[in-house]
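Input: a single structure, listed below in structure tokens.
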């Protein structure tokens with residue numbers, strides 16, 4: 030048990046917390062821009078809600094949960110790429126997004142009967158956000 034606690038303690042001190050916070054905030058800004066009507070927002074909304082019925086979304090809750098989940102993800106990306114330089118950070122995070130995030134999203138989306146278009150929009154967002162995170166965390 031002491032070995033596990035020591036590993037956790039080492040990991041906590043290895044994370045570059047300020048860049049993780051910055052990248053988390055940046056990811057939410059990128060996601061907001063990504064979903065603007067003139068980019069992917071209108072198409073995303075049609076794919077999510079083809080009937081066009083009014084959806085009740087608790088936006089502060091969704092934003093808060095998204096921020097927390099991004100923070101957790103980028104904390105782990107920081108452990109992998111911190112201090113490796115922007116290029117290595119970018120490429121590593123790009124591969125993380127393509128190999129783990131996009132494939133997991135694909136499995137969930139297609140099992141749930143979601144469209145290719147919706148998958149492309151959401152997967153594309155995570156490729157961009159993780160790549161940007163890797164670039165910043167690797168360089169910081």
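Residue numbers (the working numbering): 30 to 169. C-beta: ideal position from N, C-alpha, C; glycine also.
Where the alpha helix (DSSP H) through residue i begins and ends
i, result
"residue 83", "Careful: residue 83 lies outside any alpha helix (DSSP H) and carries neither H nor E."
"residue 38", "31-43"
"residue 167", "145-168"
"residue 55", "46-63"
"residue 137", "131-140"
"residue 13", "Residue 13 is absent from the model: the chain starts at 30 and stops at 169."
Residue i CB to nearest heavy atom of the ligand NAD below 7 Å
i, result
"residue 107", "For the structure depicted, the ligand NAD is absent and the ligand set is empty, with no information on it obtainable."
Separation of residue j from residue i, as counted between CA atoms
i, j, result
"residue 114", "residue 167", "5 Å"
"residue 65", "residue 110", "30 Å"
"residue 72", "residue 133", "22 Å"
"residue 74", "residue 87", "16 Å"
"residue 145", "residue 154", "14 Å"
"residue 31", "residue 38", "10 Å"
"residue 79", "residue 33", "48 Å"
"residue 93", "residue 35", "30 Å"
"residue 98", "residue 51", "14 Å"
"residue 143", "residue 55", "27 Å"
"residue 67", "residue 117", "32 Å"
8 Å Cβ cutoff met for residue i and residue j
i, j, result
"residue 164", "residue 119", "yes"
"residue 156", "residue 59", "no"
"residue 169", "residue 89", "no"
"residue 125", "residue 100", "no"
"residue 128", "residue 152", "no"
"residue 122", "residue 61", "no"
"residue 96", "residue 53", "yes"
Sequence-distant residues of its chain with Cβ nearer than 7 Å to residue i (five each side left out)
i, result
"residue 70", "64"
"residue 77", "147"
Proximal residues to residue i (C-beta, below 6 Å), its chain only, five neighbours per side dropped
i, result
"residue 150", "69 and 73"
Contacts around residue i, its chain only, beta-carbon distance under 8 Å, and the 5 residues preceding and following it disregarded
i, result
"residue 40", "108"
At least 3 beta-carbon pairs within less than 8 Å: the stretch 83-98 vs the stretch 123-141: no
Given 8 Å, three or more beta-carbon pairs between the stretch 44-58 and the stretch 90-108: yes
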